[in-house]
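Residue numbers (the working numbering): 503 to 741.
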């Protein structure tokens, strides 16, 4: 059991599994993961100050507030994380109401077991379980010390903030129908391919600039176009 959340999951099926395949000299096999989820779709009409309109629009948050009353929103946690620096020109509606950080933003899962719940409370049902650390996810809503996340397949749910890390990771074009995509020696489409990566391979992002990212993983290190990653926004610069 993860020491981050001392509660046994209520669902017995393992809904999410990620794994890496075997790596060859120029062929790096990727992992295939399956995502199964349930979504709570119960619209609740409420007006609450101090929480962003986007967060209030989430029916789970609205239902939680309606049932328990408005809870005070604490200051930004000292260990809150982000993969993207706030845009100084961004409006307040583009920043998280708790963290003050951009939304959406990419982060990654810290432990290798994360319960994803239907609502921002330990009393809420576990919708599915991630069983791979460092998977990239997007933070799309905030409520107290809970974050609503979305993964590459579009599955969403609530997790505790301390289960997330600012470490930037990515999946190689999980939407691609190609068998492999080239990893280059330099940030140049004409550079030598140092590996061929299958869609879905997980990697760590070391840096991004000029629409290219340097990524590393088990058995590979090189450059790939930012548009071939799920885990970095178009044009995003990562140092």
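Quick reminder that beta carbons are idealized off the backbone N, C-alpha and C, glycines included.
- Looking only at 699, 652, 690, the smallest Cα-Cα distance to residue 675 is reached by 699.
- The segment 675 to 692 makes contact with the segment 724 to 733; the number of CB pairs closer than 8 angstroms reaches 3 or more.
- Secondary structure at residue 596: helix, using DSSP grouped into helix, strand and coil.
- Inter-residue distance for residue 616 and residue 631 is about 6 angstroms (C-alpha atoms, whole angstroms).
- Beta-carbon to beta-carbon, residue 692 and residue 610 are separated by about 31 angstroms, too far to satisfy the 8 angstroms threshold.
- By a beta-carbon distance limit of 8 angstroms, residue 603 does not contact residue 704. Their separation comes to about 23 angstroms.
- With respect to the 9 angstroms criterion, residue 606 and residue 640 are classified as neighbours on the basis of their beta carbons.
- Burial check for residue 619: the Cβ neighbour count within 10 Å reaches 16 or more, so the residue is buried.
- For residue 612, the number of other beta carbons within 10 angstroms of its own is at least 16, and it is reported as buried.
- Ranked by how close their Cα comes to the Cα of residue 716, the residues 653, 623, 673 have 673 in first place.
- For the pair residue 671 and residue 625, the Cα-to-Cα distance works out to about 30 angstroms.
- Looking at the DSSP output, residue 609 shares a beta bridge with 639.
- Of 677, 702, 708, 679, the smallest CA-CA separation from residue 689 is found for 708.
- Relative to residue 696, the option among 735, 598, 718 whose CA is nearest is 718.
- Ranked by how close their Cα comes to the Cα of residue 633, the residues 623, 678, 614 have 614 in first place.
- Within the model, the alpha-carbon separation for residue 650 versus residue 598 is close to 11 angstroms.
- About 6 angstroms separates the beta carbons of residue 608 and residue 733, which is inside the 8 angstroms limit, making them a contact pair.
- Ranking 714, 721, 720, 741 by CA distance to the CA of residue 731 puts 714 first.
- Restricting attention to 629, 661, 677, the CA atom closest to the CA of residue 655 is found in 677.
- The Cβ neighbour count for residue 712, taken over all protein chains shown within 10 Å, is under 16; the residue is labelled exposed.
- Judged by DSSP in its simplified three-state form, residue 647 adopts coil rather than helix or strand.
- Setting aside the 5 residues that flank it on each side, residue 741 is surrounded in the same chain by 709, each with a C-beta closer than 8 angstroms to its C-beta; the list follows chain order.
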